[in-house]
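Asks:
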Amino acid sequence: MTFKTLLATIQDYKQAGISLETLTTLLNDAFGDWLASQGVSHLMMLGDNTVCLNVRGKLKHAHPASGIKFRSRFLVISLDEVEEEPETIAEALKSYTSDGDGAYVWIIPDGYMAALTPAEQEWEKHGGGYFSHESICISNTADIDTRCLLEVLYEDITLENVSCEFDVPAHRSVHYRLDKLMDEKGEPLIAKDAPVSYKITSRDARVVVQGSRILTSGENSAFASFGTVMAWCPV
Numbered sequence: 048m049t050f051k052t053l054l055a056t057i058q059d060y061k062q063a064g065i066s067l068e069t070l071t072t073l074l075n076d077a078f079g080d081w082l083a084s085q086g087v088s089h090l091m092m093l094g095d096n097t098v099c100l101n102v103r104g105k106l107k108h109a110h111p112a113s114g115i116k117f118r119s120r121f122l123v124i125s126l127d128e129v130e131e132e133p134e135t136i137a138e139a140l141k142s143y144t145s146d147g148d149g150a151y152v153w154i155i156p157d158g159y160m161a162a163l164t165p166a167e168q169e170w171e172k173h174g175g176g177y178f179s180h181e182s183i184c185i186s187n188t189a190d191i192d193t194r195c196l197l198e199v200l201y202e203d204i205t206l207e208n209v210s211c212e213f214d215v216p217a218h219r220s221v222h223y224r225l226d227k228l229m230d231e232k233g234e235p236l237i238a239k240d241a242p243v244s245y246k247i248t249s250r251d252a253r254v255v256v257q258g259s260r261i262l263t264s265g266e267n268s269a270f271a272s273f274g275t276v277m278a279w280c281p282v
C-alpha cells in the first residue's frame with residue numbers, strides 16, 4: 048500500500064459522484080488500518096481537492112513541501128499539488144513524533160497467583176526452582192517515555208486494592224514479575240491465592256500489554272502449566 052494508491056482511490060470515488068462525507072467514511076474503512084501504520088488516526092475530505100490527515104504525534108519540525116500545510120497534530124494536503132509526487136506525504140509524516148502503538152488503557156481480567164508450598168519457599172530462598180507467579184510485559188514503541196499505573200483489583204472485598212507506578216522508556220519494553228513487587232514495608236504488594244484483575248494505564252504514550260502466568264503443582268512441583276494472554280483494551 049502507498050499514498051499513490053490512496054490518491055488514485057480518491058479520484059475513482061470522486062468520479063463516481065460520491066459526497067465528501069461518504070467519501071471520508073469509505074476511505075477510512077478501506078485504508079484505516081494502513082493509515083494507522085503510518086501514524087495517521089483519521090482522514091477527512093475537506094473539499095474536492097483537499098484532505099486532512101489527523102496524525103498520532105506532535106510536530107517536531109516542518110520541512111517545506113509543495114501542497115502540504117503542517118499543523119500541530121494534522122496535515123492539510125492539496126491533492127492537485129501532490130498528485131505527481133504522492134510519497135511526499137510519507138516524508139511529511141516523518142516530521143511528527145510517534146505516540147506509539149496499542150492503547151492508553153489495558154485490562155487483564157483474570158489474575159491469580161498461587162501461594163508456594165513450604166518446600167518451594169525453601170528452594171526459592173536458595174535460588175532454585177521456577178515456581179507459580181504472574182508477569183506483565185509492556186512495550187512502548189513511541190518516541191516519548193511514559194509512566195504507567197498498575198492497579199490491582201481484588202475479588203475479595205475484605206482485601207484493599209493496591210497499585211504502583213513504573214516508567215517505560217521510549218522504544219523499550221519492561222517485564223515485571225508480579226510476585227516480586229513489594230510495598231513500602233518490603234512485603235509482597237499482591238496477595239497470593241486471591242483472584243484479581245489488573246488495570247494498566249499509560250500516561251503519555253500508547254503501549255501494548257501482555258500478561259503471563261505459570262502454575263506449579265504436584266509433588267516436588269513436578270507439574271507446571273504456562274499461559275500467555277494479551278490484555279484487553281477498551282475501544
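In the working numbering, each number is its position in the sequence shown, counted from 1, plus 47. Positions of the beta carbon are idealized from the N, C-alpha and C atoms, including for glycine. Bear in mind that the values here come from a model prediction, so they are computed numbers and not experimental data.
(1) Would you call Ser145 buried or exposed, if buried means 16 or more other Cβ atoms sit within 10 Å of its Cβ?
(2) What does a CB cutoff of less than 8 Å around Leu70 pick up in its chain, not counting 5 residues either side in sequence?
(3) Between Thr188 and Asp148, which are expected to be in contact by the criterion C-beta below 8 Å, what is the C-beta distance as a whole number of angstroms?
(4) Buried or exposed, going by whether 16 or more other CB atoms sit within 10 Å of the CB of Leu169?
(5) Which residue from Gly79, Gly114, Ile155 and Ile124 puts its Cα closest to that of Met48?
(6) Taking just the CA atoms, how far does Ser186 sit from Ala55?
(7) Give me whichever residues DSSP pairs with Leu53 in a beta bridge.
(8) How many Å lie between Leu197 and Trp153 at the Cα?
(9) Identify which residue in Ala83, Thr275, Glu68 and Asp190 has its Cα closest to the Cα of Thr97.
(10) Near Pro156, which residues of its chain fall below 8 Å by C-beta distance, leaving aside the five closest residues on each side in sequence?
(11) Below 8 Å between beta carbons: does that hold for Arg253 and Glu181?
(12) Consult DSSP for Asp214 and reduce its assignment to one of helix, strand or coil.
Replies: Taking the structure as given:
(1) Here residue 145 corresponds to residue number 98 of the sequence shown, with the count starting at 1. By the 10 Å Cβ count, Ser145 comes out buried.
(2) Stepping through the sequence shown from its first residue, residue 70 is reached at position 23. Counting only Cβ-Cβ distances below 8 Å, and skipping sequence neighbours, we find Ile57, Tyr60, Lys61 and Met92.
(3) Here residue 188 refers to the residue found at position 141 when the sequence shown is read from its first residue. Here residue 148 refers to the residue found at position 101 when the sequence shown is read from its first residue. Yes, Thr188 and Asp148 are in contact; Cβ-Cβ is about 5 Å, under 8 Å.
(4) Taking the sequence shown and counting its residues from 1, the one referred to as residue 169 is at position 122. Note that residue 169 is Glu in the sequence shown, not Leu. With fewer than 16 Cβ atoms within 10 Å of its Cβ, Glu169 is classed as exposed.
(5) Taking the first residue of the sequence shown as position 1, residue 48 is located at position 1. The residue with the shortest Cα to Cα distance from Met48 is Gly79.
(6) In the sequence shown, the residue the question calls residue 55 occupies position 8. In the sequence shown, the residue the question calls residue 186 occupies position 139. For the pair Ala55 and Ser186, the Cα-to-Cα distance works out to about 36 Å.
(7) Taking the sequence shown and counting its residues from 1, one reaches residue 53 at position 6. None, per the DSSP bridge assignment.
(8) Numbered from its first residue, the sequence shown carries residue 197 at position 150. Numbered from its first residue, the sequence shown carries residue 153 at position 106. So the alpha carbons of these two residues sit roughly 10 Å apart.
(9) In the sequence shown, residue 97 corresponds to position 50, counting from 1. Here the closest residue by C-alpha is Glu68.
(10) If you number the sequence shown from 1, residue 156 lands on position 109. Cβ contact annotation for Pro156 (same chain, cutoff 8 Å, sequence separation greater than five): Ser244 and Trp279, in chain order.
(11) For the purposes of this step, residue 253 is taken as residue 206 along the sequence shown, with counting starting at 1. For the purposes of this step, residue 181 is taken as residue 134 along the sequence shown, with counting starting at 1. Result no, Cβ atoms of Arg253 and Glu181 do not sit closer than 8 Å.
(12) Taking the sequence shown and counting its residues from 1, the one referred to as residue 214 is at position 167. Strand, per DSSP.
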